[in-house]
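2 protein chains.
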Amino acid sequence: MDMQDLGRRAKAASVVLARATTTQKNQALLAIADALDAHAEALLAENQIDLDAAHVNGLTDSLLDRMNLNGRLAGITDDVRKVAELPDPVGMQYDAKVLPNGLRAGRRRTPIGVIGVIYEARPNVTVDVIALTLKSGNAVILRGGKEILRSNIALVSVIRAALTAGGFDAIIPPDAILYIEDTDRRYIDEMLKLHAYIDMIIPRGGAALHKLCRENSTIPVITGGIGVCHAYIDDTANLDDALNIVFNGKTQRPSVCNTLDTVLIHEGMAAAFLPALVGRLGAAGVTFKAEPKAWAALGDLGAGAVQAAGEGDFDIEWMALILGVKLVSGMDEALDHIRAHGTGHSEVIVTATDAHADRFVNEVDASAVFVNASTRFNDGGQLGLGAEIAVSTQKLHARGPMGLEELTTYKWVVIGDGHVRE
Amino acid sequence: MDMQDLGRRAKAASVVLARATTTQKNQALLAIADALDAHAEALLAENQIDLDAAHVNGLTDSLLDRMNLNGRLAGITDDVRKVAELPDPVGMQYDAKVLPNGLRAGRRRTPIGVIGVIYEARPNVTVDVIALTLKSGNAVILRGGKEILRSNIALVSVIRAALTAGGFDAIIPPDAILYIEDTDRRYIDEMLKLHAYIDMIIPRGGAALHKLCRENSTIPVITGGIGVCHAYIDDTANLDDALNIVFNGKTQRPSVCNTLDTVLIHEGMAAAFLPALVGRLGAAGVTFKAEPKAWAALGDLGAGAVQAAGEGDFDIEWMALILGVKLVSGMDEALDHIRAHGTGHSEVIVTATDAHADRFVNEVDASAVFVNASTRFNDGGQLGLGAEIAVSTQKLHARGPMGLEELTTYKWVVIGDGHVRE
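Chains F and E supply the protein sequences, listed in that same order. The numbering of the first sequence is the working numbering, which starts it at 15 and goes up by one. The numbering of the second sequence is the working numbering, which starts it at 15 and goes up by one.
The following block contains the structure:
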């Protein structure tokens with residue numbers, strides 16, 4: 015594959031796409047959704063070939079489940095139609111001012127240009143990313159997991175054909191959507207050096223992928239998606255709320271990044287909270303990693319479900335029904351623990367005291383800080399962004415869920431009347 | 015030098031500084047300004063030692079001028095006091111909403127954390143950067159040009175001592191301002207890998223420094239400051255405005271990044287505009303690089319001041335009284351030229367036609383696009399930001415001049431009442 019050529023094509027397409035109107039982009043999205051529906055049978059057949067191969071290769075059930083489009087394609091297509099309904103951030107003007115010399119200045123949102131997305135074996139991501147990048151006026155170069163290559167080639171082919179068949183070529187060139195079909199990893203390395211053409215890299219995957227991108231990319235990288243998340247149960251917490259929030263944060267969908275990994279309990283609440291915690295979460299299959307004070311306080315409570323926390327256990331994103339438990343002497347120790355072990359993703363305090371909530375919100379450095387609410391709400395859909403392309407845990411450009419607006423940049427527009435600088 | 019230790023110290027200081035109030039930060043800035051005034055004599059003496067050494071080493075007059083604090087220190091100190099007067103972006107809340115489930119969500123501006131700044135032999139930058147990072151609640155690690163090491167060590171020492179003497183240590187720890195005193199370039203390489211402690215790298219210097227950072231940093235880098243800037247003189251331009259804007263853009267301060275490098279002239283305007291251009295700018299010492307059509311149109315006009323443009327001349331940021339001149343057949347050719355040769359910094363159209371202005375503004379991809387105004391206004395002070403730490407030409411996080419707000423990130427703050435996700 016000639017990655018330079020791929021980059022050049024995407025860049026040229028991005029210049030054209032940036033001029034598309036909201037109506038044109040929405041019509042294209044609807045045409046894409048219709049085409050995905052119309053080709054559902056063929057798409058599922060290609061997906062089945064990927065699934066069969068993955069089965070033979072012994073992939074886990076959870077990976078096979080993520081790969082599977084069967085029963086999900088209609089939902090994915092509906093999501094494309096929902097993106098068509100979202101407001102278009104491109105062209106939005108803000109910070110408008112008339113300067114003392116009469117110059118009229120302001121910022122105007124524009125597409126970023128070309129986005130590179132590297133992701134795992136999840137074909138739904140292929141369609142999500144295409145819908146969001148198209149709507150925000152950006153070209154995209156995709157590189158998905160090798161296990162779903164056939165599914166992805168089929169999806170991208172249907173989508174590109176829909177643009178041509180719908181007569182959108184001149185406005186939304188098919189080259190605005192390019193897929194790296196050779197799964198040799200050296201093309202990822204080459205992609206990460208294409209700063210002449212690609213403006214932003216979004217890795218969606220585990221810590222190793224983020225590290226690879228951070229260490230090798232000459233293009234700005236949005237790192238994120240790794241969440242070692244904490245709940246701090248304050249000495250004034252409502253215990254029902256605390257139990258519900260921890261239960262929800264741990265068990266509602268254990269395999270995602272905004273789930274809880276550790277509960278920090280004010281030691282004054284241990285006697286009241288620990289039995290309820292171990293009882294309710296234990297019954298849902300959760301096992302516990304307890305630091306010594308929590309271990310001692312638990313006594314016989316947890317029986318087989320509780321283990322002593324080992325070295326490093328508080329730095330693990332469990333992605334499973336495992337919860338670290340630690341007693342703390344108060345807010346200071348809770349904040350210290352979060353600073354030492356958090357990944358800046360999602361943190362929550364359960365408290366009935368406004369001053370405690372304020373201090374926690376002020377001092378915790380994370381993409382989202384919650385008061386009396388589940389960390390599971392750290393999600394673009396849940397926070398009202400309509401959709402998300404990723405959750406950023408770095409601090410530049412975007413933090414937390416990234417929706418359409420976070421896929422734009424801005425330019426200053428300055429209008430004068432022959433103004434020159436003195 | 016132990017760069018890991020330096021990073022750790024800056025990070026720890028940043029946690030404390032992030033909690034400082036606006037009043038505390040402003041008082042510290044005023045104390046710093048007073049201390050710089052009080053130690054002016056000693057600072058100038060150290061600066062003179064740097065200047066003497068640079069003179070012996072044969073540095074150019076323009077470099078010596080940039081290094082010189084003599085006659086400038088009071089202005090630099092005044093700028094610190096002006097930063098104290100600027101609004102503090104930290105803590106500002108925006109995008110507040112009540113979600114359908116009753117959750118209250120919004121974004122709150124926070125400091126970024128630790129900023130790394132690598133710059134050339136300009137001691138004024140040392141003080142500017144310290145004032146802006148302190149006001150925005152960020153710790154900073156500075157690495158200035160080796161030619162001004164003594165000046166910088168003296169400045170940083172006075173500033174850190176002012177924090178201690180003023181009793182600010184507990185709120186604004188002196189370790190929030192750290193200087194890399196060993197000028198061995200390997201410490202730059204080590205600095206660029208300190209992603210565990212540094213959140214953002216701002217290079218201020220030439221293309222080579224930006225390239226070094228982009229290719230070696232594992233920390234997000236704000237690239238910018240390289241401007242190959244164009245004026246397009248439309249077929250409906252007011253010729254007086256056009257002449258003033260080109261004159262101002264080229265001659266007002268030729269050595270900075272927002273000056274003009276090329277003027278693109280609608281061929282219908284050549285006969286009227288070229289003689290005035292060559293006459294007025296030529297009289298100010300400007301020489302011209304003309305492409306063949308412009309060369310032919312100029313005829314004997316320019317005499318010795320006009321040369322034929324060579325291969326690559328339109329890709330050079332001249333930083334000198336040299337101006338590329340090209341005739342174009344219209345807007346399409348002007349936009350193509352800017353896409354091919356621009357660096358995304360500052361571009362201007364001179365026109366009396368709104369539709370032409372709109373098309374230019376829409377299609378030119380640059381940090382600032384001007385209509386009938388000098389590109390010299392692409393500056394934080396001129397655009398109402400109060401100050402600037404750098405001008406970004408990349409597209410993530412900040413574009414164009416970066417003031418205090420661009421030195422912040424945000425966190426989502428989400429307040430519930432026991433809310434959990436269904």
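Even for Gly, the Cβ is constructed at its ideal location relative to N, Cα and C. Since the structure is predicted, the reported quantities are computational estimates derived from the model, not experimental observations.
(1) Using only alpha-carbon positions, find the residue among Ile46/E, Asp109/E, Glu55/E that is nearest to Glu419/F.
(2) Considering only the beta carbon of each residue, do Ala145/F and Leu77/F sit closer than 8 Å?
(3) Can you tell me whether Cys243/F is helix, strand or coil according to DSSP?
(4) For Gly414/E and chain F, any beta-carbon pair shorter than 8 Å?
(5) Among the residues of its own chain, which have a CB less than 7 Å from the CB of Met283/F, if the five just before and after it don't count?
(6) With a threshold of 8 Å between beta-carbons, can Asn84/E be considered close to chain F, or not?
(7) Which runs of the alpha helix (DSSP H) spanning at least 4 residues fall entirely within the segment 209 to 233 of chain E, listed in chain order?
(8) Compare the C-beta of Leu177/F with all C-beta atoms of chain E and state if any pair is closer than 8 Å.
(9) My output table needs one value for Arg136/F: the three-state DSSP class, helix, strand or coil.
(10) Is the shortest distance between the beta-carbon of Lys89/E and the beta-carbons of chain F less than 8 Å?
(11) Quick one: does Ala68/E have its CB under 8 Å from some CB of chain F?
(12) Which bits of chain F does Met333/E rub up against, with CB to CB less than 8 Å?
(13) So which residues of chain F does Met214/E contact, with C-beta pairs closer than 9 Å?
(14) Hey, does Ala401/F have any beta-carbon neighbour from chain E nearer than 8 Å?
(15) Which residue's Cα is closest to the Cα of Asp314/F: Glu331/F, Ala119/F, Ala285/F?
(16) Applying a beta-carbon distance threshold of less than 7 Å, which residues of chain E neighbour Asp255/F?
(17) From this set, Gly120/F, Asn272/F, Gln41/F, Asn262/F, which residue's C-alpha is nearest Val97/F's C-alpha?
(18) Where Tyr94/E and Arg353/E are concerned, what is the direct C-alpha to C-alpha distance, given to the nearest angstrom?
(19) Return the CA-CA distance between Ile63/E and His53/E, expressed in angstroms with no decimal places.
(20) Could you work out which residue in Gln321/E, Ala348/E, Ser343/E, Met345/E is closest to Leu337/E when comparing CA atoms only?
(21) Would you give the residue range spanned by the beta strand (DSSP E) that Val277/F belongs to?
(22) Thinking Thr273/E and Arg390/E are a contact (beta carbons under 8 Å), I'd like their distance in whole angstroms, please.
(23) Which one of Gly293/F, Ala334/F, Thr140/F has the shortest CA to CA distance from Gly241/F?
(24) Please list, in chain order, the chain A residues whose beta carbon lies closer than 7 Å to that of Tyr424/F.
(25) Determine contact between the segment 413 to 430 of chain E and the segment 115 to 127 of chain E, defined as no fewer than three beta-carbon pairs at a distance below 8 Å.
(26) Please decide whether Gln107/E counts as near chain F, where near means a Cβ-Cβ distance under 8 Å.
(27) Along the chain, where does the beta strand (DSSP E) that runs through Gly414/E open and close?
(28) Below 7 Å CB to CB, which residues in the same chain sit around Met15/E once its five sequence neighbours on both sides are set aside?
(29) If distances are taken between C-alpha atoms only, which option among Ala256/F, Lys39/F, Glu55/F comes closest to Ser165/F?
(30) Hey, Arg218/F and Val131/F: beta-carbon distance below 8 Å or not?
(31) Which of the three DSSP states is assigned to Lys39/F in this structure?
(32) For the candidate residues Lys264/F, Ala290/F, Glu281/F, whose alpha-carbon lies nearest to that of Val362/F?
(33) Relative to the alpha-carbon of Leu87/F, which residue among Asn138/F, Asp346/F, Ile126/F has its alpha-carbon at the smallest distance?
(34) Between which two residues does the beta strand (DSSP E) harbouring Gly338/E extend?
(35) Spell out whether any CB of chain F is found under 8 Å from the CB atom of Ala380/E.
(36) Chain F beta carbons: is any one of them nearer than 8 Å to that of Thr74/E?
Taking the geometry as given:
(1) Along the first sequence, one-based indexing puts residue 419/F at 405. In this structure, Asp109/E is the residue among Ile46/E, Asp109/E, Glu55/E with its C-alpha nearest to the C-alpha of Glu419/F.
(2) Taking the first residue of the first sequence as position 1, residue 145/F is located at position 131. Taking the first residue of the first sequence as position 1, residue 77/F is located at position 63. Between Ala145/F and Leu77/F, the C-beta gap is not smaller than 8 Å, which leaves the two residues out of contact.
(3) The residue given as residue 243/F occupies position 229 in the first sequence. If DSSP states are grouped into helix, strand and coil, Cys243/F belongs with the strands.
(4) In the second sequence, the residue the question calls residue 414/E occupies position 400. Judged by the 8 Å Cβ criterion, Gly414/E is in contact with chain F.
(5) Numbered from its first residue, the first sequence carries residue 283/F at position 269. Cβ neighbours of Met283/F beyond the five flanking positions: Ile247, Asp249, Ala251.
(6) Here residue 84/E is taken as the residue at index 70 of the second sequence, counted from 1. For Asn84/E, no CB of chain F lies under 8 Å from its own CB, so it is not counted at the interface with that chain.
(7) Inside the segment 209 to 233 of chain E, DSSP marks whole alpha helix (DSSP H) runs of 4 or more residues at positions 221 to 230, from first to last along the chain.
(8) For this step, residue 177/F is matched to residue 163 along the first sequence. Output row for Leu177/F: interface = no.
(9) To locate residue 136/F, count along the first sequence from 1; it is residue 122. In this structure, Arg136/F counts as coil in the three-state DSSP scheme.
(10) Start at 1 with the first residue of the second sequence, and residue 89/E comes out as number 75. Residue identity check: residue 89/E is Gly in the sequence provided, not Lys. Judged by the 8 Å Cβ criterion, Gly89/E is not in contact with chain F.
(11) One-based indexing of the second sequence puts residue 68/E at position 54. Under the Cβ criterion of 8 Å, Ala68/E is not counted among the residues facing chain F.
(12) If you number the second sequence from 1, residue 333/E lands on position 319. Near Met333/E there are no residues of chain F at all, since even the closest Cβ is about 17 Å away, more than 8 Å.
(13) Here residue 214/E refers to the residue found at position 200 of the second sequence. Chain F residues near Met214/E: Lys409, Leu410.
(14) Here the question's residue 401/F lines up with position 387 in the first sequence. Chain E contact via Cβ: absent.
(15) Translated into positions along the first sequence, residue 314/F becomes position 300. For the set Glu331/F, Ala119/F, Ala285/F, the Cα lying nearest the Cα of Asp314/F is the one of Ala285/F.
(16) On the first sequence, residue 255/F is found 241 positions in, with the first residue counted as 1. Ordered by position in chain E, the residues that pass the 7 Å Cβ test against Asp255/F are Gly432.
(17) Here residue 97/F refers to the residue found at position 83 when the first sequence is read from its first residue. Ranking Gly120/F, Asn272/F, Gln41/F, Asn262/F by Cα distance to Val97/F puts Gln41/F first.
(18) The residue labelled residue 94/E in the question sits at position 80 within the second sequence. The residue labelled residue 353/E in the question sits at position 339 within the second sequence. Just to set this straight, residue 94/E is Val in the shown sequence, not Tyr. C-alpha separation (whole angstroms): 38 Å.
(19) Locating residue 63/E in the second sequence gives position 49, counting from the first residue. Locating residue 53/E in the second sequence gives position 39, counting from the first residue. In this model, Ile63/E and His53/E are separated by some 16 Å (Cα to Cα).
(20) Counted from its first residue, the second sequence places residue 337/E at position 323. Of Gln321/E, Ala348/E, Ser343/E, Met345/E, the residue nearest in Cα terms is Gln321/E.
(21) For the purposes of this step, residue 277/F is taken as the residue at position 263 of the first sequence. Element bounds for Val277/F: 274 to 280.
(22) As a working note, residue 273/E is residue 259 in the second sequence. As a working note, residue 390/E is residue 376 in the second sequence. Correct: roughly 7 Å between the Cβ atoms.
(23) The sequence position of residue 241/F within the first sequence is 227, counting from 1. The shortest C-alpha separation from Gly241/F is found at Ala334/F.
(24) The displayed structure is made up of protein chains F and E, and chain A is not among them.
(25) Cβ pair count under 8 Å is three or more, so yes.
(26) Here residue 107/E refers to the residue found at position 93 of the second sequence. Taking a beta-carbon distance threshold of 8 Å, Gln107/E does not count as an interface residue toward chain F.
(27) For the purposes of this step, residue 414/E is taken as the residue at position 400 of the second sequence. Note, Gly414/E: beta strand (DSSP E), 414 to 416.
(28) Looking up residue 15/E in the second sequence gives position 1. So the qualifying residues of the chain are Ile194, Asp196, Tyr201.
(29) As a working mapping, residue 165/F is identified with position 151 in the first sequence. Of Ala256/F, Lys39/F, Glu55/F, the residue nearest in Cα terms is Glu55/F.
(30) Indexing the first sequence from 1 puts residue 218/F at position 204. Indexing the first sequence from 1 puts residue 131/F at position 117. Contact: yes.
(31) Reading the first sequence from its first residue, position 25 is the one you call residue 39/F. Looking at Lys39/F - three-state DSSP - the assignment turns out to be helix.
(32) Here residue 362/F is taken as the residue at index 348 of the first sequence, counted from 1. Comparing Cα positions, the closest option is Lys264/F.
(33) Reading the first sequence from its first residue, position 73 is the one you call residue 87/F. Looking at the Cα atoms, Asn138/F is the closest of the given residues.
(34) Looking up residue 338/E in the second sequence gives position 324. Going by DSSP, Gly338/E is part of the beta strand (DSSP E) stretching over 336 to 342.
(35) Within the second sequence, residue 380/E is the residue found at index 366, counting from 1. Yes, because at least one Cβ of chain F sits closer than 8 Å to the Cβ of Ala380/E.
(36) Within the second sequence, the letter at position 60 stands for residue 74/E. False, the Cβ-Cβ gap to chain F never drops below 8 Å.
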